[in-house]
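Enquirer: First the structure, then my questions, so here it is.
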Amino acid sequence: MAPGVLYFLVFQYLALFGNAIAFKNYMPFVGVWESEWVGFANFQALFSEPAFWQAALNTVVLSLLQLVFYFPVPLALALLLHSLMQGRLRKFVQSVVYLPHFISWVIVVALFQQVLGADGAVNGLLGGSDGHLLDIFGNPDAFRPLMVVELIWKECGWGTIIFLAALHNVDEGLYEAAALDGAGPWRRFWHVTLPSLRAVIILLLILRLGDILSVGFEQILLQRDMFGPDVAEVIDTYVYHHGIRDQNWGIAAAAALFKGVIGAMLVFSTNKIAHRMGEQGVYR
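Going by the UniProt record's numbering, the first residue of the sequence shown is number 1, and it counts up by one from there.
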């Protein structure tokens with residue numbers, strides 16, 4: 001465990017001291033501790049910027065879409081693999097759906113552009129017939145659905161691993177007993193499978209809510225300029241452009257700290273709800 005513990009100590013816990021930049025007029029050549037203390041001035045400047053609230057709104061909308069449409073897909077895929085496929089076929093399908101997780105977002109975005117772009121394969125097959133081009137990457141209204149589809153294609157297979165492990169731990173005798181009592185496939189799913197997966201689902205949901213404002217920095221950064229900041233700017237890209245490009249270090253740190261506080265509040269509140277439902281949650 002030592003390498004993993006060391007990683008979190010150095011890159012997660014020690015890095016928390018860097019949040020002091022949010023309360024300072026940070027100058028890189030001066031250093032964190034020697035920079036001028038400005039209190040909440042960075043937060044006042046941040047909250048007065050319409051661009052930040054637009055980025056926050058885009059983040060929340062995209063996060064909710066991902067939560068609603070992506071979160072159930074790994075569970076459904078795990079149920080499909082567990083119940084309908086056996087032997088070599090299941091191993092082959094698992095390998096195929098796991099593979100996109102190991103592909104970088106640069107390649108994934110390029111693949112989708114080659115298929116759905118103005119000069120992509122879809123327009124090559126359909127565009128010439130009536131003269132109308134399908135320009136997904138030039139349509140701001142298509143940005144949010146495209147982000148969800150890309151995420152599902154890339155990560156749904158990887159997300160099934162935990163659900164498959166939980167399904168393998170379900171007592172087969174429960175299914176046999178339910179079948180002897182006359183329960184069909186749907187009732188066995190509703191009264192045996194879902195209750196057995198309830199703790200895992202709640203745990204993953206809590207973790208997902210805690211990270212809900214992180215909607216995929218690399219994925220969105222690669223496509224932000226194609227769709228425009230009005231729909232494609234999120235908090236993470238806002239931090240990048242204001243902190244790295246414009247060198248507004250204090251405002252960027254304030255935005256990142258704001259996102260972290262909201263995520264922590266969501267974890268604490270949803271974990272409390274899990275306790276009231278009788279589940280362990282992330283911690284006791």
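Backbone N, C-alpha and C fix where the C-beta goes; we use that ideal spot for every residue, glycine too.
My assumption, with CB atoms under 8 Å, is that T160 sits in contact with L77. Please give the rounded CB distance.
Expert: Yes, T160 and L77 are in contact; Cβ-Cβ is about 5 Å, under 8 Å.
Enquirer: For the candidate residues M226, S214, P145, G124, whose alpha-carbon lies nearest to that of L257?
Expert: It is S214.
Enquirer: Under a Cβ-count criterion, where at least 16 other Cβ atoms within 10 Å of its own Cβ denotes burial, should G124 be classed as buried or exposed?
Expert: Exposed.
Enquirer: N169 by DSSP, collapsed to three states: which one?
Expert: Coil at N169, not helix or strand.
Enquirer: Rounding to the nearest angstrom, what Cα-Cα distance links L57 and D181 in this structure?
Expert: Answer to the nearest angstrom: the Cα atoms are 50 Å apart.
Enquirer: Evaluate the contact criterion for the stretch 243-261 versus the stretch 162-180: three or more CB pairs, one atom per stretch, below 8 Å.
Expert: Verdict: no, contact absent.
Enquirer: Along the chain, where does the alpha helix (DSSP H) that runs through V239 open and close?
Expert: Looking at the DSSP string, the run of the alpha helix (DSSP H) that includes V239 is 235-240.
Enquirer: Pick out whichever of G39, Q113, A254 has its Cα sitting closest to the Cα of N19.
Expert: When each option's Cα is compared against that of N19, the closest is A254.
Enquirer: Would R188 be called buried (16 or more neighbouring beta carbons within 10 Å of its own) or exposed?
Expert: So R188 counts as buried.
Enquirer: E150: buried (16+ other C-beta within 10 angstroms of its C-beta) or exposed?
Expert: E150 is buried by the Cβ-count criterion.
Enquirer: When burial is assigned at 16 or more other CB atoms within 10 Å of the CB, is N271 buried or exposed?
Expert: Classification for N271: buried.
Enquirer: Under 8 Å, with one C-beta from each stretch per pair, do the stretch 91-105 and the stretch 241-251 reach the 3-pair mark?
Expert: Taking 8 Å as the limit for Cβ pairs, the verdict is that the stretch 241-251 does not touch the stretch 91-105.
Enquirer: Buried or exposed for L9, going by 16 or more other Cβ atoms inside 10 Å?
Expert: By the 10 Å Cβ count, L9 comes out exposed.
Enquirer: Kindly indicate which three-state DSSP category E36 falls into: helix, strand or coil?
Expert: It is a strand residue.
Enquirer: Taking only three categories from DSSP, how would you classify N271?
Expert: Correct three-state label for N271: helix.
Enquirer: Using the C-alpha atoms, what's the distance from Q86 back to L99?
Expert: Each residue's alpha carbon lies about 19 Å from the other.
Enquirer: How many Å lie between G120 and L134 at the Cα?
Expert: Cα to Cα, the separation comes out at about 9 Å.
Enquirer: In its own chain, which residues sit with a C-beta less than 8 Å from the C-beta of F143, not counting the 5 before and 5 after it?
Expert: Q223, F227, V231, A232.
Enquirer: So, do the stretch 27-42 and the stretch 103-110 have three or more beta carbon pairs nearer to each other than 8 Å?
Expert: Segments in contact, no.
Enquirer: Is it buried or exposed, M265, if we count other Cβ atoms within 10 angstroms and call 16 or more buried?
Expert: Answer is exposed; the Cβ neighbour count stays below 16.
Enquirer: What does the Cβ neighbour count give for A178, buried or exposed, with the cut at 16 atoms within 10 Å?
Expert: A178 should be labelled buried.
Enquirer: Which one or two residues does DSSP pair with A25 in a beta bridge?
Expert: For the sequence presented, residue 25 should be read as Asn rather than Ala. E36, per the DSSP bridge assignment.
Enquirer: Check this for me: beta carbons of L197 and A166, under 8 Å apart or not?
Expert: Contact flag set, yes.
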